[in-house]
Structures are given as structure tokens and as C-alpha cells.
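Add 20 to a position in the sequence shown, counting from 1, and you land on the number used in our numbering. The beta-carbon is built from N, C-alpha and C at its ideal position, and this holds for glycine as well. Reading through the C-alpha cells given below for one structure.
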Amino acid sequence: MIAFRIDRRSGLPTYLQIVQQVEQALRMGVLTVGDRLPTAAQVAATTKVNPNTTLKAYRELERSGLVEVRQGAGTFITRSMAQPRSSPDSPLRTDLAEWMRRAQADGMSGEDIATLFTAVFQEVFPRL
């Protein structure tokens, strides 16, 4: 099951953080078709987010066709976004993880690594 992390300083609305985390989990294969998302009450208990915020995120995911709300049963994943190359055991992911470990061993902080990654990403994908 997914565990949401909310960054209250990000400037991004909380419901969009939830949407993005579900989409990321779908892309990475962490969530698959048929998986049940935590209830709004469960999310509220672990993140201190108003249950209505979670429900708003789930409605957005439903509009996108990624989840289905089944009355009395919960919210379920209906579509995958995973690519074979992004699975937890893919060579590309393994290479990226190894690169990050090398950068960390060379004394870079997580923030330094994220900044470097973002800069290179923007060079390679300038229009995203």
C-alpha cells in the first residue's frame, strides 16, 4: 500500500501532491491494477490531512481514469502507467541508483544530487 508524504512547504496544493504520488507509484509499478488505495480516514490519520483533501485527489484520479471508486469497498486502481524500463529491477533504475550512491559517497547531499539531477534533466528535456 502507498504511504503518502505531504510537504507543507512545497507550495503545491496537498491534493495535487497526493495525485502526483499516486501517478508516480503507478509509473514505477508500486501500484498496479486492482490495488486498493488507503481510505481518506487512513490518509488523514497518517498525514494530518483533511479527509476531504484526499477525496478531492481521488476524484481527480477518477476523472483521469486511473482509479474507480466502489461504494462501500474503496478506491481501486484501474489503469497502469508503468513502463517495463521503470520497474524496480530494471537496468536503468539500477544504474541510476548506483549513480546516486556514488554521488553520495563523493560527499554530495540529497539536495545536491536532486539539484544536479534536475539541472541535467532540464537540459535533456527542455520543454517538460
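Output yes or no for whether 8 Å exceeds the beta carbon distance between residue i and residue j.
i     : j     : result
Leu95 : Val89 : The residue asked about is misnamed: residue 95 is Thr in this sequence, not Leu. Against a cut-off of 8 Å, the Cβ pair of Val89 and Thr95 comes out as a contact.
Val39 : Glu80 : yes
What separation, rounded to the nearest whole angstrom, lies between the Cα atoms of residue i and residue j?
i      : j      : result
Met21  : Trp119 : 28 Å
Ala60  : Asn70  : 8 Å
Gly54  : Leu86  : 11 Å
Arg147 : Ala64  : 36 Å
Ser100 : Thr52  : 6 Å
Gly130 : Gln91  : 42 Å
Report, in whole angstroms, the separation of the C-beta atoms of residue i and residue j, which I expect to be a contact under 8 Å.
i      : j      : result
Phe137 : Thr67  : Going by Cβ atoms, the distance from Phe137 to Thr67 rounds to 26 Å, so no, they are not a contact pair.
Leu46  : Ala125 : With 8 Å as the limit, Leu46 and Ala125 do not qualify as a contact, their Cβ atoms being about 31 Å apart.
Gln41  : Asp27  : Rounded, the Cβ-Cβ distance is 11 Å, inconsistent with contact.
Ile133 : Ala123 : 5 Å
Hey, is the segment 110-118 in contact with the segment 65-82, meaning 3+ C-beta pairs nearer than 8 Å?
At 8 Å Cβ cutoff, the stretches do not touch.
Completely contained alpha helix (DSSP H) runs for the segment 114-140, where each covers 4 or more residues:
Segments of the alpha helix (DSSP H) lying fully in the segment 114-140: there are none.
Enumerated in chain order, which unbroken segments of the alpha helix (DSSP H) with a length of 4 residues or greater are wholly contained in the segment 34-108?
Annotation note: the segment 34-108 contains the following uninterrupted alpha helix (DSSP H) runs of length 4 or greater, listed N- to C-terminal: 34-48, 60-67, 71-83.
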